[in-house]
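With the numbering used here applied, the sequence shown covers 1 to 291.
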Amino acid sequence: IHFSSVYTFSTHSLVTTESEKINKMCDVEHCFSVVEQIVKSAGTVLAEGFTKTKKVDTKTSSSDLVTEYDKRIESLIMADILKKFPTHKFIGEETTSTEGLTNDPTWLIDPIDGTNNFVHGDENCVISVALAVNKILEIGIVYSPIKDQFFSAKKGKGSWLNGKPIHVSGVTDVKQSLLGFEISLAYVPKIKEMLLRRLAAIVSEAHGVRAIGTCALSLCYVALGAWDAYQVDFLFCWDYAAGALIVQEAGGIVISTDGSPFEIMKRRVLAASSKELADQMVSILKQADLK
1 IHFSSVYTFS THSLVTTESE KINKMCDVEH CFSVVEQIVK SAGTVLAEGF
51 TKTKKVDTKT SSSDLVTEYD KRIESLIMAD ILKKFPTHKF IGEETTSTEG
101 LTNDPTWLID PIDGTNNFVH GDENCVISVA LAVNKILEIG IVYSPIKDQF
151 FSAKKGKGSW LNGKPIHVSG VTDVKQSLLG FEISLAYVPK IKEMLLRRLA
201 AIVSEAHGVR AIGTCALSLC YVALGAWDAY QVDFLFCWDY AAGALIVQEA
251 GGIVISTDGS PFEIMKRRVL AASSKELADQ MVSILKQADL K
């Protein structure tokens, strides 16, 4: 008897790829159920601090603020996640990773997106948390405890607001659109003129343009269908990662501002309710940049 004719041997069954190892480390459904409760708990800290006097420090400029609540919320979220998932990595606004984004399960955390708003008593301030595995976004959560809005998404499973499915507007014509545009970085001299040119260009095309000072919540407004597109450059992955997935899972499109594919670490974001609208926005912004 030839053993080779009795037993089928496959080397593939013994080989586990790095990607498969990582996926086994990370049950997305379990991760979501855990982090959902962690973020809601952190939301009580944000809500507690909203009406209180804050200790405010500056980071890169007098407009780049941080409070004790930013640091406290990020530390709380990271510590609670590590208790459940000790091998996971983090990229956070207040504690950035020196390794950058790897294939390992990585949480991208903005403890308060809209810190300036938070400091001044503006309700547009949220907690933003995303999970990337193999450099692909799997979970996105944006939580506004002040407004009682819990936006969430899981890759391939849709997007929700307070547990109810949400969807983009589907608007295809910029002339019929309400747009979001982030102007808060205009204090940076090198990009001020570019932002003002872009703003002037889209104002002349759309029904209107809105800015609320939080990228994460702005993206959720596109996912919700309240806005039809939103564009921002030069922010960081923790600002837009969760919101980007929420838009995608709500049926929208997220690309780079120049029309190339969206990349988590690229810092160029254009979200739209349709490909047609995204293409129009790319064209308008490119023309503005040439002036």
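Yeah, the Cβ is synthetic: ideal placement off N, Cα and C, and Gly gets one too. From a predicted model like this one, the values you see are computed outputs, not experimental measurements.
{"Query": "Candidates Trp-238, Glu-276, Thr-44, Gln-287, of which the one nearest Arg-303 by Cα", "Result": "For the chain, the structure presents residues 1 to 291; residue 303 sits outside this window and is missing."}
{"Query": "Nearest neighbour of Phe-85, chosen from Cys-26, Thr-51, Gly-121 [CA to CA]", "Result": "Cys-26"}
{"Query": "Run of the beta strand (DSSP E) containing Glu-138, from where it starts to where it stops", "Result": "136-144"}
{"Query": "Residues near Ala-288 in its chain [Cβ-Cβ closer than 6 Å; skip 5 each side]", "Result": "Arg-197, Arg-198, Ala-201"}
{"Query": "Nonlocal neighbours in the same chain, by C-beta distance under 8 Å from Glu-263, ignoring five residues either side", "Result": "Ser-256"}
{"Query": "Cβ neighbours of Ser-61 in the same chain (closer than 7 Å, five flanking residues each side left out)", "Result": "Tyr-187"}
{"Query": "Local conformation of Trp-238 per DSSP, three classes", "Result": "helix"}
{"Query": "Residue from Leu-245, Leu-76, Val-35, Val-203 with nearest C-alpha to Leu-46", "Result": "Leu-76"}
{"Query": "Length at least 4, wholly inside the region 207-289: the alpha helix (DSSP H) runs in chain order", "Result": "215-224, 237-249"}
{"Query": "According to DSSP, residues forming a beta bridge with Phe-32", "Result": "In DSSP, Phe-32 forms no bridge with anything."}
{"Query": "Residues that Leu-196 bridges to, as DSSP identifies them", "Result": "Answer by DSSP bridge pairing: none, since Leu-196 is not bridged."}
{"Query": "Close-in-space but distant-in-sequence residues of the same chain around Met-194 (CB under 7 Å, 5 per side omitted)", "Result": "Asp-289"}
{"Query": "Cα-Cα separation, Val-209 to Glu-182", "Result": "10 Å"}
{"Query": "Between the CA atoms of Asn-103 and Glu-36 - distance to the nearest angstrom", "Result": "22 Å"}
{"Query": "Distance between Val-174 and Leu-277 (C-alpha atoms, nearest Å)", "Result": "6 Å"}
{"Query": "Contacts around Val-39, its chain only, beta-carbon distance under 6 Å, and the 5 residues preceding and following it disregarded", "Result": "Ile-127, Val-129, Ile-141, Tyr-143"}
{"Query": "N- and C-terminal bounds of the beta strand (DSSP E) containing Val-56", "Result": "56-58"}
{"Query": "Limits of the beta strand (DSSP E) - the one that Thr-115 falls within", "Result": "Premise fails: Thr-115 lies in the alpha helix (DSSP H), 115-120, not in any beta strand (DSSP E)."}
{"Query": "Cβ-based neighbour list, Ser-159, same chain, cut-off 6 Å, excluding 5 preceding and 5 following", "Result": "Ala-153, Ile-166, Ala-223, Ile-246, Glu-249, Ala-250"}
{"Query": "Reduced DSSP secondary structure (H/G/I, E/B, other) of Phe-85", "Result": "coil"}
{"Query": "Of the residues Asp-258, Glu-68, Gly-180, the one placed nearest Trp-227, counting alpha carbons only", "Result": "Gly-180"}
{"Query": "Reference Phe-150; option with closest CA among Lys-135, Lys-164, Lys-157, Lys-71", "Result": "Lys-164"}
{"Query": "Inter-residue spacing [alpha-carbon to alpha-carbon] between Asp-113 and Lys-157", "Result": "25 Å"}
{"Query": "As assigned by DSSP and simplified to three states, the class of Gly-156", "Result": "coil"}
{"Query": "6 Å Cβ shell around Thr-53 - same chain, five flanking residues per side excluded", "Result": "none"}
{"Query": "As assigned by DSSP and simplified to three states, the class of Asp-110", "Result": "strand"}
{"Query": "Buried versus exposed, by CB contacts within 10 Å (16 or more), Val-124", "Result": "The sequence given here has Asn at residue 124, not Val. So Asn-124 counts as buried."}
{"Query": "Residue nearest to Phe-236 in terms of C-alpha spacing, selected from Val-119, Lys-71, Leu-185", "Result": "Leu-185"}
{"Query": "N-terminal and C-terminal residue of the beta strand (DSSP E) that Ser-128 is part of", "Result": "126-133"}
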